[in-house]
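Sequence positions in the sequence shown follow the working numbering and run 1 to 306.
The C-beta atom is built at its ideal place from N, Cα and C for all residues, glycine as well.
Since the structure comes first, as structure tokens, the remarks are kept for the end.
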Amino acid sequence: MTVQPSGSDSAPMIWPHGKRCAVCLTFDFDAESLWLAREPENAERLATLSQGRYGAKVGIPKILDLLRQEGLKGTFFTPGWTVDAHPGKVEMILKDGHELGHHGYVHYWPDPEKPSQILDEVDRGFEAMQRRFGVKPVGYRPPGSESCHYLLELLTQRGILYNSCFKDDIHPYRHILRDGRPGPIELPEHPSLDDWSYGTSHLRFPRPIFGADHVLGIWQEEFRMIREWGGVYVLVMHPQVTGRPMRMAILRSFIAFTRQFDDVWYATGREIAEAFAEQEGRSECWNSIASPPGSAPASRRGAGLS
Ligand SMILES: [Zn+2]
């Protein structure tokens, strides 16, 4: 089976303000939607649903408090279902000046065999944010952090600036669609920087729970090296996981650890994607001057380094 990759070669970015790396705090505000999408029967399993509800009820207010104390802005990828079910919490997020990102509608994982469901998830998600808050998100993280060619094409068509779910880099890059056209910018992430891997369990799907030493060990060491390599550190958190008491302490400790370095750019997904696009524009302009007519097209990637 041949596989057509969607991205270009890996290349570092020159970060704004002379910084060496970027830290992007992202929160997937799934609430109950994740449990409903996984099994529709969960609609009648109130205690299972309550695990997701915790994210809205306790997680979001606690996370917003911490971000306010730290003076940091986050990106909240929120399904349209959550926007409709917990508008008050989404309003709190927006009031504090955080970025609202698109995260589907019911949180169905993109299935290339079901293009109409993919279309529905994307369009209903936009519709809910527009109807409730007049917001048009520019960032997208697919439910389940999975993607496919059709979804990338659709996101491009809908004007999405950036996507965040691929695991093939530590630097932002530009997707290339099947027909060779440029797609969204990618802010890559990884399960090692996802709280879901360490902090959630369910009696019917038991998983080990990991403590602070374990999680901080991984998060901090990854940070050390991503900083050294000049990459983007995309932390993926869920209010129903990181909103738990001990995990709020982990996040606070992690932020304190990164504060020891004065060359870290804390930015939202949108800010990072805009910085990438700006650099790419400058680089393409330079390449078009440098390339004689008729020569090979300039790399879409060109992040200003060569
Ligand atoms: Zn999610």
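Task: Own chain, CB closer than 7 Å to Pro-266, minus 5 neighbours either side, in chain order - done: Note that residue 266 corresponds to Tyr in the displayed sequence, not to Pro. So the qualifying residues of the chain are Val-23 and Leu-72.
TODO: Locate the alpha helix (DSSP H) running through Tyr-198, then write down its first and last residues.
DONE: DSSP places Tyr-198 inside the alpha helix (DSSP H), whose first and last residues are 196-199.
Task: Pro-143 beta carbon near ligand 1 (any heavy atom closer than 7 Å) - done: Yes, Cβ of Pro-143 sits closer than 7 Å to a heavy atom of ligand 1.
Open item on the list: How far does the beta strand (DSSP E) with Trp-265 in it extend, from its first residue to its last?
Closed with: 264-266
TODO: Mark Met-129 as exposed unless 16 or more other C-beta atoms lie within 10 angstroms of its C-beta, in which case mark it buried.
DONE: Residue environment analysis places Met-129 among the buried positions, since at least 16 neighbouring C-beta atoms fall within 10 angstroms of its C-beta.
Task: Reduced DSSP secondary structure (H/G/I, E/B, other) of Thr-75 - done: strand
Open item on the list: Could you check if Asp-28 belongs to the surroundings of ligand 1, using beta carbon to heavy atom distance under 7 Å?
Closed with: yes
Open item on the list: For the alpha helix (DSSP H) containing Phe-257, name the first residue and the last one.
Closed with: Phe-257 -> alpha helix (DSSP H) spans 245-258.
TODO: Could you check which residue in Asp-179, Tyr-162, Gly-180 and Arg-181 has the C-alpha nearest to that of Tyr-173?
DONE: Checking every option, the nearest Cα to that of Tyr-173 belongs to Tyr-162.
Open item on the list: Buried or exposed, going by whether 16 or more other CB atoms sit within 10 Å of the CB of Glu-32?
Closed with: buried
Open item on the list: DSSP three-state label for Ala-22, please.
Closed with: strand
Task: Extent of the continuous alpha helix (DSSP H) run through Gly-80 - done: 80-85
Task: Proximity below 8 Å, CB of Leu-187 to CB of Leu-152 - done: no
Open item on the list: Taking 7 Å as the cut-off, is the C-beta of His-103 nearer than that to any heavy atom in ligand 1?
Closed with: yes
Open item on the list: Counting C-beta neighbours from all protein chains within 10 Å, is the total for Ala-303 16 or more, i.e. buried, or is it exposed?
Closed with: Bear in mind that a pLDDT of 38 at Ala-303, under 50, signals an unreliable position, so the number given afterwards is only what the model happens to contain. Buried, since its Cβ has 16 or more Cβ neighbours within 10 Å.
Task: Local Cβ density within 10 Å of Trp-15, reported as buried at 16 or more and exposed below that - done: buried
Open item on the list: For Met-13, report the span of its beta strand (DSSP E) as first-last.
Closed with: Element bounds for Met-13: n/a, residue is neither H nor E.
Task: Val-241 versus Arg-20, Gly-199, Thr-78 and Val-3, residue with shortest Cα-Cα distance - done: Gly-199
TODO: Would you check whether ligand 1 has a heavy atom nearer than 7 Å to the C-beta of Leu-34?
DONE: yes
Open item on the list: Bridge partners for His-102 per DSSP, in chain order?
Closed with: Looking at the DSSP assignment, His-102 forms a beta bridge with Thr-78 and Tyr-140.
Open item on the list: Check this for me: beta carbons of Ser-6 and His-202, under 8 Å apart or not?
Closed with: Not in contact: Ser-6 and His-202 (Cβ atoms no closer than 8 Å).
Open item on the list: Could you check whether the Cβ of His-107 sits closer than 7 Å to any heavy atom belonging to ligand 1?
Closed with: yes
- [ ] Round the Cβ separation of Val-138 and Ile-160 to the nearest angstrom and send it over; I've been treating them as touching at under 8 Å.
- [x] 6 Å
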